[in-house]
Amino acid sequence: MKQNFLTQFITKIQEEQEQKNAEEKRKNHFRTIGRKGGLAKKKSAVFSKTISAKLTEKEFQIIKEKAEKLNLKISKYVRLILTEKELKINEYKTDEVLLSYGTHFNRISNLLRNREFSNLENKNEILQEIINTTNLIYNYLYQNKIRDE
1 MKQNFLTQFI TKIQEEQEQK NAEEKRKNHF RTIGRKGGLA KKKSAVFSKT
51 ISAKLTEKEF QIIKEKAEKL NLKISKYVRL ILTEKELKIN EYKTDEVLLS
101 YGTHFNRISN LLRNREFSNL ENKNEILQEI INTTNLIYNY LYQNKIRDE
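Under the UniProt record's numbering, think of the first position of the sequence shown as 1, with each following residue one higher.
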């Protein structure tokens with residue numbers, strides 16, 4: 001009996017120690033990532049070739065304005081234009097906005113279901129409209145995903 005209790009006690013302590021070690025390892029991992037400043041950035045060795053071109057002041061201003069609209073550096077914007085990837089930059093911005101709207105609508109409906117809002121007269125109508133709107137948003141996003149594939 002004492003032997004069985006002792007083995008159970010030892011295995012329990014070992015499991016707890018392993019959990020502590022795993023948690024400490026996880027914390028240290030995130031500390032080192034924080035020191036590094038996040039994920040590793042692309043190194044300049046990836047972009048080894050250089051292309052020079054002369055532009056007029058007007059052409060340069062146009063490119064600069066378009067790059068600023070997209071929150072890109074001029075070199076990255078020109079690289080995307082040359083590789084014909086420019087259209088893919090803002091392709092999913094509307095999807096992200098719609099997805100955030102859907103999330104916010106879900107939060108609003110959860111709040112309305114709370115008992116503090118049970119006194120509202122048209123609570124069910126509002127909930128139904130929110131559900132319909134979120135369904136439309138998610139259906140639109142799902143159809144776009146299928147179309148892209």
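Where is the CB? At the ideal position from N, CA and C, for every residue including glycine.
Measuring straight from C-alpha to C-alpha, what distance separates residue i and residue j?
| i | j | result |
| --- | --- | --- |
| residue 14 | residue 29 | 22 Å |
| residue 52 | residue 71 | 22 Å |
| residue 64 | residue 96 | 26 Å |
| residue 48 | residue 57 | 27 Å |
| residue 146 | residue 20 | 44 Å |
| residue 106 | residue 135 | 10 Å |
Here's the rule I'm using: 16 or more other beta-carbon atoms within 10 Å means buried, otherwise exposed. How should residue i be labelled?
| i | result |
| --- | --- |
| residue 137 | buried |
| residue 101 | exposed |
| residue 130 | buried |
| residue 142 | exposed |
The ligand MN and residue i: does the residue's C-beta get closer than 6 Å to at least one heavy atom of that ligand?
| i | result |
| --- | --- |
| residue 29 | This structure lacks the ligand MN; in fact it carries no ligand of any kind. |
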